[in-house]
Amino acid sequence: MAQVGVPESLATIEADLLKPGGIFALESVEVLGESMLAMANRLTSLRDVVANSVGHGDGDYLVFSDGVTERRITFRE
Numbered sequence: 005m006a007q008v009g010v011p012e013s014l015a016t017i018e019a020d021l022l023k024p025g026g027i028f029a030l031e032s033v034e035v036l037g038e039s040m041l042a043m044a045n046r047l048t049s050l051r052d053v054v055a056n057s058v059g060h061g062d063g064d065y066l067v068f069s070d071g072v073t074e075r076r077i078t079f080r081e
């Protein structure tokens with residue numbers, strides 16, 4: 005069923021990304037006793053997040069700015 009105001013081309017792309025086996029596939033999981041949708045291919049622990057960040061080296065991880073000054077934190081940091 006099409007959503008009101010969503011162009012058909014965008015709805016098609018979204019459906020393709022979210023379908024089973026798609027890069028952003030969703031699945032029903034239980035979290036703290038409640039059923040909810042979550043990404044099927046998600047990282048499930050902070051350890052996994054850290055391990056996967058190693059390959060990004062000096063690439064920007066976080067960028068903070070107040071409009072005047074800027075602070076960058078890299079994956080390596």
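Count along the sequence shown from 1, add 4, and you get the number used in our numbering.
A virtual CB, placed ideally from N, CA and C, is assigned to each residue, including glycine.
Looking at the backbone, the Cα of Ile17 and that of Pro11 are separated by about 10 angstroms.
Looking at the backbone, the Cα of Asn56 and that of Arg46 are separated by about 12 angstroms.
Bounds of the beta strand (DSSP E) holding Asp64 are Asp64 to Ser69. Ser32 and Leu41 do touch by the CB rule: their CB atoms are close to 6 angstroms apart, below 8 angstroms. Gly61 and Val8 have their alpha carbons spaced roughly 43 angstroms apart.
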